[in-house]
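In what follows, a single structure is set out as structure tokens and then discussed.
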Amino acid sequence: MKIIIDQDKCVASGQCVTAAVDVFDQRDEDGIVVLLNDNPPDDLAADVHQAAAVCPALAIVVED
Amino acid sequence: MKTEEAPRYPMTRASGCPFDPPPKLKELQEEAPLVKVKVFDKTAWLVTRYADQRRLLADPRISADVTEPGYPSQTAQPLRSDEGVGIGFILMDDPEHARLRRMVTAPFMIKRVEALRPAVQKIVDGLIDDLLAGPKPVDLMEAFALPVPSLVICELLGVPYTDHDFFQQNSKQLISLSSTPEERGEAHANLGGYLYNLVGEKLENPKEDLLSGLTERVKAGELTRQDAAGMGVLLLLAGHETTANMIALGTLALLEHPDQLAVLRETDDPKVVQGAVEELLRYLNITHNGRRRAVLEDIDFDGQLLKAGEGRIFPNDIGNRDPEAFPDPDRLDLHRDARHHVAFGFGVHQCLGQPLARMELQVVYSTLYRRIPTLRRAAELDEIPFKHDGSVYGVYSLPVTW
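For the protein sequence lines, the chains are A and B, in the order given.
The numbering used here puts the first residue of the first sequence at 169, with every later residue one more than the last.
The numbering used here puts the first residue of the second sequence at 28, with every later residue one more than the last.
Listed below in structure tokens is the structure:
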């Protein structure tokens, strides 16, 4: 699994953090997405896919 | 051959079904993904289905700018441009929208919202203590649903809660669809003036709150004092009207679905509570007049042309009742996975305050019915006044007892 984030598109909704807290974080100054792990273990796959699905800005792409 | 007149939007709900979208709207969704409607004296197109709503709301060729040709206004008399400026970035497109929005995103980060949870719990517990000690029946809207989010947003923004009568009254007047343009203008000027003065005070004496944070931007020349006040108006409005309605309408919906109310009353599992909040957001859709947009350039949409200059409306109430996305969509089922709903909108304009709203609702729904397990309506359902004329749906009052 490979995750690509786009900080320019991100609107800081934080829903990726809610979905997969071990993979996504938000930077302190404006809440924009930070990737903690771009190749997380397979047992987090469902959470990561949910994070991408609920991102309102389509700022997360997951390549399996 | 008979030419059918395009139906008018918005449409009315069926009597006796206060939680369901208008039946005509559901019919239109079944019939077609794109439906022409009349909005006052103009034409616009509804995007009726969930997947299409998400796809187009995330498309940068679809504009939220109220001044674009074709933009379907919520009110008979479109917003004047000076009102638009005050209401701020929600009616702008990127990159200016993103620049301004990012100035106020930090306080809504998940970890900062989580840090507020104990304070919100304390507010909720305190208000319930007061309810239990006070007379009954009581209007839950006035005594509980409105004060919870008002107290929270005041704390976050740095607005004195003692002024709540003033801003609740003006907010009500500003967002009521039955207000005249003069009344809206007056309410907007009142709120704008109030926030302008408050920003002035914070410029002199900054504190640890959102408005004080904005004064840093004013000092740096990135924002005018007027714009900072405008953002304050937006956040104050959005912060209490919406969540208050979700609390009261959600409670009424649960009282009408006792088996679902029992789910919340009997759990102490935060995951169950989180799921319940998502399902109530999906089911109730308090922003019931659709997201309004204008098409900026021609878009090929599965073989149909969306033309530049056309108005588009995205009714999230039927999007969230689309059987393709939510099986058996008209059933309130707190155990369903509803997280992908569009109650907060979708795309770059998705509700800024949604992490805060979610947390507040989680605290309220996990506390109120456990602490007052015998809570019940103190009026017949058909006596309860619903906000059919509001840009935010809900109840004007909810008499309850226990």
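Here a beta-carbon is modelled for each residue, glycine too, at the ideal position from N, C-alpha and C.
Here the structure is a predicted model, which is why all the values come from computation and not from measurement.
DSSP beta-bridge partners of residue i
i	result
W72(B)	K63(B), R339(B)
L333(B)	I326(B)
E351(B)	Bridge partners of E351(B): none, in fact.
A321(B)	S90(B), G338(B)
Q194(A)	V201(A)
V427(B)	V165(B), R404(B)
S203(B)	G417(B)
I171(A)	V230(A)
V422(B)	F413(B)
R35(B)	K65(B)
Proximal chain B residues relative to residue i, where beta-carbon distance stays under 7 Å
i	result
D198(A)	R129, T132, A133
Three-state secondary structure (DSSP) of residue i
i	result
L203(A)	strand
S181(A)	coil
D166(B)	strand
V390(B)	helix
G111(B)	With a pLDDT of only 44 at G111(B), under the threshold of 50, the placement of this residue in the model should not be trusted; the figure read from the coordinates follows. G111(B) falls in the helix class under three-state DSSP.
S100(B)	coil
F171(B)	helix
R366(B)	coil
R358(B)	coil
R40(B)	coil
T132(B)	coil
T186(A)	helix
Q56(B)	helix
K51(B)	helix
V186(B)	coil
L395(B)	helix
R250(B)	Just to set this straight, residue 250(B) is Leu in the shown sequence, not Arg. It is coil, neither helix nor strand.
H315(B)	coil
H215(B)	helix
M273(B)	helix
P208(B)	helix
C223(A)	coil
L379(B)	coil
F373(B)	coil
A142(B)	helix
K431(B)	This structure does not reach residue 431(B), given that chain B is present from 28 up to 429, and the question cannot be answered.
A289(B)	helix
Chain A contact residues for residue i, given Cβ-Cβ distances below 9 Å
i	result
V375(B)	K177, V179, P224, A225
R366(B)	Q183, T186, A187, Q218, A221, V222
Residue i burial status per 10 Å Cβ neighbour count (16 or more: buried)
i	result
A78(B)	exposed
K29(B)	Confidence is the limiting factor: at K29(B) the pLDDT is only 47, short of 50, which leaves the residue's position unreliable, though a coordinate-based value still follows. When all chains shown are included, K29(B) counts as exposed.
E305(B)	buried
C44(B)	exposed
S205(B)	exposed
V391(B)	buried
S108(B)	Interpretation of S108(B) is limited by its pLDDT of 47, a score under 50 that renders its predicted location unreliable; the figure taken from the coordinates is listed afterwards. Exposed, since its Cβ has fewer than 16 Cβ neighbours within 10 Å.
A214(A)	exposed
F193(B)	exposed
K170(A)	exposed
G153(B)	exposed
R144(B)	exposed
L118(B)	buried
D254(B)	buried
I340(B)	buried
Q175(A)	exposed
R35(B)	exposed
E387(B)	buried
D344(B)	buried
Neighbour list for residue i in chain A, Cβ cutoff strictly below 8 Å
i	result
H362(B)	None at all; the shortest Cβ gap to chain A is about 17 Å.
Contact set between residue i and chain B, taken where Cβ atoms lie within less than 8 Å
i	result
V191(A)	None at all; the shortest Cβ gap to chain B is about 13 Å.
Residues that residue i contacts on chain A, provided the C-beta gap is smaller than 7 Å
i	result
I137(B)	G182, V185, T186, Q194
Q381(B)	S181
inquiry  = At a CB distance below 9 Å, what residues from the stretch 202-232 of chain A approach chain B? Give them in sequence order.
reply    = Q218, A221, V222, P224, A225, L226
ask   = Between the stretch 84-107 of chain B and chain A, which residues of the former have CB atoms less than 9 Å from a CB of the latter, in chain order?
value = L84, A85
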